[in-house]
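Written out below as structure tokens is the structure these notes cover.
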Amino acid sequence: MPNMAEFFLTDEEICILTGISTGRDGRRREELQCEHLRKQGIAFYINARGKPVVVRESLLPYKATPATKPSWQPKVLEPESLQRARRTPPR
64 MPNMAEFFLT DEEICILTGI STGRDGRRRE ELQCEHLRKQ GIAFYINARG KPVVVRESLL
124 PYKATPATKP SWQPKVLEPE SLQRARRTPP R
């Protein structure tokens, strides 16, 4: 079974990411870190202890999925065929 550290950033890594390692102005370190992560648009969860939990994968560059090949459609359903069918008077 994989180690949980493989999925989530450690407390130290969150300190490095946010640049916040101590509390200040009467606010806890975790509150300040959460605020900073929100400002930066980094997805995170708050655990039961009030600590931000960042999934490692959320920091990786976005990988676009390859475009899928369109499924087959009969010619009758193609827009050009439908337009021609509308222009052709009924018999």
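Counting with this note's numbering, you get residues 64 to 154 for the letters of the sequence shown.
Where a beta carbon is used, it is the ideal one built from N, C-alpha and C, also for glycine.
Integer Cβ distance of residue i from residue j, believed to fall under 8 Å
{"i": "residue 96", "j": "residue 83", "result": "5 Å"}
Inter-residue Cα distance where the pair is residue i and residue j
{"i": "residue 116", "j": "residue 69", "result": "13 Å"}
{"i": "residue 112", "j": "residue 134", "result": "49 Å"}
{"i": "residue 98", "j": "residue 132", "result": "42 Å"}
{"i": "residue 85", "j": "residue 125", "result": "31 Å"}
{"i": "residue 129", "j": "residue 123", "result": "17 Å"}
{"i": "residue 73", "j": "residue 87", "result": "21 Å"}
{"i": "residue 77", "j": "residue 110", "result": "14 Å"}
Cutoff 6 Å; reference residue i; Cβ partners in own chain excluding five residues on either side
{"i": "residue 108", "result": "116"}
{"i": "residue 121", "result": "106"}
{"i": "residue 91", "result": "none"}
{"i": "residue 93", "result": "113, 114"}
Of the listed residues the options, nearest to residue i (C-alpha basis)
{"i": "residue 101", "options": "81, 90, 72, 85", "result": "81"}
{"i": "residue 75", "options": "66, 114, 125", "result": "114"}
Cβ-based neighbour list, residue i, same chain, cut-off 7 Å, excluding 5 preceding and 5 following
{"i": "residue 27", "result": "Given a span of 64 to 154 for the chain in the structure shown, any question on residue 27 remains unanswerable."}
Bridge partner(s) assigned by DSSP for residue i
{"i": "residue 105", "result": "None; residue 105 has no bridge partner."}
{"i": "residue 87", "result": "90"}
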